[in-house]
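Just so you know, the sequence shown maps onto residues 4 to 125 in the numbering used here. The beta carbon of each residue, even a glycine, is placed where N, CA and C say it ideally should be. Working notes, structure below.
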Amino acid sequence: MSRNIETVNTYLDGFRKNDHEQILSCLTDDIEWTVFGAFRLTGKAAYDKAIDGPPGLLDPPRLEVVRMVEEGDVVMAELTGTVERAAGGEMRMSMAEVFVMRDGKIAERRAWVVELKENDHR
Numbered sequence: 004m005s006r007n008i009e010t011v012n013t014y015l016d017g018f019r020k021n022d023h024e025q026i027l028s029c030l031t032d033d034i035e036w037t038v039f040g041a042f043r044l045t046g047k048a049a050y051d052k053a054i055d056g057p058p059g060l061l062d063p064p065r066l067e068v069v070r071m072v073e074e075g076d077v078v079m080a081e082l083t084g085t086v087e088r089a090a091g092g093e094m095r096m097s098m099a100e101v102f103v104m105r106d107g108k109i110a111e112r113r114a115w116v117v118e119l120k121e122n123d124h125r
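Written out as structure tokens, the structure is:
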């Protein structure tokens with residue numbers, strides 16, 4: 004397993020445990036995080052504040068890697084996830100993630116998150 008894939012797996016494991024320190028240890032200081040349709044931020048301090056997600060959702064999410072591929076300094080992952088809602092019930096998601104790596108750390112994370120309301124594709 005490559006160093007970049009190991010970093011992404013450590014990062015995802017940190018999200019599964021809501022371990023801010025573990026997540027932040029995988030990032031460059033100038034990390035850029037974009038969730039298309041939602042937000043864009045830069046820097047570890049801003050990233051740390053956004054890790055817990057919106058107030059209507061309870062951490063940690065359950066994340067499963069469907070597949071992960073690497074080319075050069077880019078790791079792409081297809082994920083499925085479930086997170087509990089504060090008001091009850093859960094939100095199911097399908098996600099595509101692009102991790103741009105620098106020296107074995109995540110320098111940019113680009114995410115597409117689709118909420119699944121009916122089944123595994125809708």
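Boundaries (first-last residue) of the beta strand (DSSP E) holding residue i
i, result
"residue 87", "77-88"
"residue 70", "60-74"
"residue 43", "42-45"
"residue 35", "30-38"
Secondary structure of residue i, DSSP reduced to three states
i, result
"residue 52", "helix"
"residue 108", "strand"
"residue 9", "helix"
"residue 125", "coil"
Residue i vs residue j beta-carbon contact at 8 angstroms
i, j, result
"residue 5", "residue 73", "yes"
"residue 109", "residue 30", "yes"
"residue 10", "residue 107", "yes"
"residue 15", "residue 68", "yes"
Close Cβ partners of residue i (< 8 angstroms) along its chain, the five nearest in sequence each way excluded
i, result
"residue 89", "58, 59, 60, 61"
"residue 32", "46, 47"
The alpha helix (DSSP H) enclosing residue i, as first and last residue numbers
i, result
"residue 24", "23-27"
Same chain, Cβ closer than 6 angstroms to residue i, neighbours up to 5 away in sequence not counted
i, result
"residue 25", "17"
Sequence-distant residues of its chain with Cβ nearer than 7 angstroms to residue i (five each side left out)
i, result
"residue 103", "76, 77, 110, 111"
"residue 115", "39, 98, 99"
"residue 63", "18, 19, 20, 21"
"residue 54", "23, 26"
message = Does the segment 93-100 come into contact with the segment 73-85, if we say contact requires no fewer than three beta-carbon pairs (one atom in each stretch) closer than 8 angstroms?
response = These segments touch.
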